[in-house]
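Q: Start counting the sequence shown at 14; every next residue gets the next number (this note's numbering).
All residues carry an ideal CB built from backbone N, CA and C; glycine is no exception.
No experiment lies behind these values; they were computed from the predicted model shown.
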Amino acid sequence: MDKAGTAPRLLAVACGDIGGGVAAHFRDAGWRVSGLRRDIRRLPEGVEGIQADLGDVASIAALPPLRADYVLFTLTPAGYSEAGYRAIFETGLQAVLARFDVPPKALVFVSSTGVYQQSQHEWVDEFSVTEPQRFSGRLLLSAEQSITAFARQNSCAHSNVRFGGIYGPGREQMLNKIRAGECAPAEPLHYTNRIHRDDCVGFLCHLLGRLHAGEAVEECYLGVDSEPAPIHEVQAYVAELLGVPYECRGEPVARTGSKRCRNTRLLASGYVLKFPDFRSGFRQIVDA
């Protein structure tokens, strides 16, 4: 409860796996939690449903005014296309922001390390240049800027969290490739930056908790674990865990540049990673 004796209100926009985990956490903490998504039947129990399709501006415009103390955006396009990304991260996001007649206290937006174009194994942090060439990175960066502009215009706190590759239970694309012998080759060298799904949820809960406590948060965080690693080393380790041969019949990684992301700011916030490296994270998945 806050000082006035009323429960804080959290709205999770596009409340899927990550947003649902955060919503469930604050529901259990006694907050009033609502989730906006197309299929509200898939929301966690006890989370109020707001039905709207982020890809359909008319369905958002038909909503009554949105009100919440804290808003979490975990937007996901339907597919990997420029039109799909633009519909969600530009048109849909702006439509949702326009439905707030009373500004929230704070916004938290989930972004991606895809806003960085670096590809020569450079170390990057929150101060590194962001000049994405792929449409996905450009539209994510534009969405971050929209969140920042809205927050500053309405005098509310905000944070953009750039997560690396999210893995965990139910996200088994890499495991399936390893089982099929389609590991990436060791050359060209490609660094991967990852974070376990439970740490995504945990860190977002940590940030929202700090905001509710009136503590300062940074406007941007890199959400990755503490060990960027070459993709072939990760896959060789997972193959050993799975008890299958390590075979490199897959294609080199092409969509994302090879870079090494620092999580110094994340750790400085006081958050303790549940899975600080890929070994502990993949052990949990395989054991489960």
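Leaving out the 5 sequence neighbours to the left and right, which residues in its chain are closer than 7 Å to LEU152 when beta-carbon positions are compared?
A: TYR98, ARG99, PHE102, GLU103
Q: Return the CA-CA distance between PHE216 and LEU224, expressed in angstroms with no decimal places.
A: 12 Å
Q: Cα separation between VAL115 and TYR234?
A: 26 Å
Q: Which of the three DSSP states is assigned to ASP256 in this structure?
A: What sits at residue 256 in the sequence shown is Gly, not Asp. Three-state DSSP puts GLY256 in coil, outside helix and strand.
Q: Measuring alpha carbon to alpha carbon, tell me which of ALA81, GLU95, GLY283, ALA119 ends up nearest ALA162.
A: ALA119
Q: Looking only at its chain, what residues have a beta carbon closer than 7 Å to the beta carbon of VAL247, apart from the 5 residues adjacent to it on each side?
A: THR205, PHE291
Q: Could you pull the start and end residues of the beta strand (DSSP E) that VAL35 belongs to?
A: It is not in any beta strand (DSSP E) - VAL35 instead sits in the alpha helix (DSSP H) that spans 30-41.
Q: Which of helix, strand or coil does DSSP assign to SER282?
A: coil
Q: Based on the DSSP secondary-structure assignment, which residues constitute the bridge partners of GLN173?
A: The amino acid at residue 173 is misidentified as Gln; the sequence shows Asn. Note: ASN173 sits in a beta bridge opposite PHE122, CYS233.
Q: Please give the ranges of any beta strand (DSSP E) in the stretch 80-151, keeping only runs that are unbroken, at least 3 residues long and fully inside the region.
A: Fully enclosed beta strand (DSSP E) runs of 3 or longer: 83-86, 119-125, 135-137.
Q: When you compare only the Cα positions, how much space is there between LYS190 and ASP138?
A: Rounded to whole angstroms, the separation of the alpha carbons of ASP138 and LYS190 is 30 Å.
Q: Return the first residue and the last residue of the alpha helix (DSSP H) that GLY222 is part of.
A: 210-225
Q: So the beta strand (DSSP E) GLY7 belongs to, where does it begin and stop?
A: The question about residue 7 has no answer here: the residues shown for the chain are numbered 14 through 301.
Q: For the candidate residues ALA193, ARG207, LEU254, whose alpha-carbon lies nearest to that of GLU260?
A: With distances taken between Cα atoms, GLU260 lies closest to ALA193.
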